[in-house]
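FYI, in this note's numbering the residues of the sequence shown are 3 to 140. Glycine is no exception: its CB is placed at the ideal position from the N, C-alpha and C atoms. In this text, all values refer to a predicted model and were calculated from it rather than measured experimentally. Note sheet for the following structure.
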Amino acid sequence: ALKKLATGLQISVPQLFTPPHKAQANGRMALTKADDGQPHATATYEHSLLAETLTNKKMLPYRARVRARAMEEFDGWVRHDGEEFLYVLTGVIRLYTEFYEPVEMRRGDSAYYDAAMGHNVVSVSPEDATILWVTSLV
């Protein structure tokens with residue numbers, strides 16, 4: 003659903019969660035406490051946006067609780083402009099990508115990939131996994 007909305011608006015999926023641009027001074031910083039972050043829930047993930055007070059970011063950092071357990075829960079591949087960095091915080095996930103074999107990842111594992119390549123993440127642990135995602139904003 004998010005992919006269709008972004009396509010209709012001719013923007014990338016991460017831009018749906020980015021506030022409008024405002025001029026801001028250099029030397030800026032944003033602090034997000036552990037239990038803070040603007041939540042955005044979907045059927046497969048629950049994203050918490052981090053550093054949301056900053057505008058004109060070049061990266062979109064967010065913590066995600068991975069609720070999906072199977073590829074069939076997705077409406078096709080997730081794709082958007084930019085590059086993405088993924089870091090597993092808790093649990094065990096399986097990263098599916100359009101051009102590579104699925105890979106199982108545990109706490110402390112990370113991946114960096116072209117976000118235009120189809121990708122999806124599922125939790126393979128009994129509990130929902132938690133990951134840190136950082137997406138470049140093109």
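Leaving out the 5 sequence neighbours to the left and right, which residues in its chain are closer than 8 Å to residue i when beta-carbon positions are compared?
i	result
residue 43	49
Does DSSP put residue i in a helix, a strand or coil?
i	result
residue 18	helix
residue 73	helix
residue 8	helix
Can you pull the DSSP bridge partners for residue i?
i	result
residue 13	Per DSSP, none; premise fails for residue 13.
residue 135	64, 88
Could one say the Cβ of residue i lies closer than 9 Å to chain C's Cβ atoms, at least one of them?
i	result
residue 60	In the structure shown, chain C cannot be found, because there is only a single protein chain.
Might you give, ordered along the chain, the residues of its own chain that have their beta carbon closer than 6 Å to the beta carbon of residue i, omitting 5 neighbours on each side?
i	result
residue 140	83, 84
residue 40	51, 54
residue 2	Because the chain here runs from 3 to 140, residue 2 falls outside it and cannot be looked at.
I'd like to check one pair, residue j with residue i: are the Cβ atoms closer than 9 Å?
i	j	result
residue 114	residue 91	no
residue 69	residue 46	yes
residue 62	residue 101	no
Would you grab the beta carbon distance between residue i and residue j for me? Rounded to a whole angstrom, and I think it's under 8 Å.
i	j	result
residue 16	residue 99	Not a contact, Cβ separation roughly 18 Å.
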